[in-house]
Amino acid sequence: MLQTNQRIVKDETEINTILGTKLINLLEAKAELNEIEKVKLHISEIDTITSILLKLSCR
Numbered sequence: 001m002l003q004t005n006q007r008i009v010k011d012e013t014e015i016n017t018i019l020g021t022k023l024i025n026l027l028e029a030k031a032e033l034n035e036i037e038k039v040k041l042h043i044s045e046i047d048t049i050t051s052i053l054l055k056l057s058c059r
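In UniProt numbering, the protein residues as written are 1 to 59.
This is the structure in structure tokens:
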């Protein structure tokens, strides 16, 4: 059961990474530099928070 859930989370993470890359590429083509940097910062913060929550949930 745990391995199945871990595989699902891994698959979703990979899909989200691909979607995130597509989003950044779209933003870089259409947005201003300061807007792009803000989005990248927020994505990084969300990634950090998500990692912390996942680690805490495994304890």
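Where a beta carbon is used, it is the ideal one built from N, C-alpha and C, also for glycine.
None of these values were measured; they are calculated from a predicted model.
Can the beta-carbon of Ile36 be found less than 7 Å from the beta-carbon of Leu27? Against a cut-off of 7 Å, the Cβ pair of Leu27 and Ile36 comes out as a contact.
Distance check for Leu53 and Leu2, CA to CA, integer angstroms please. For Leu2 and Leu53, the distance between alpha carbons rounds to 17 Å.
Run through DSSP, which three-state label would Arg59 get? coil
If Ile43 and Gly20 are in contact, beta carbons under 8 Å, what's the gap, nearest whole angstrom? 6 Å
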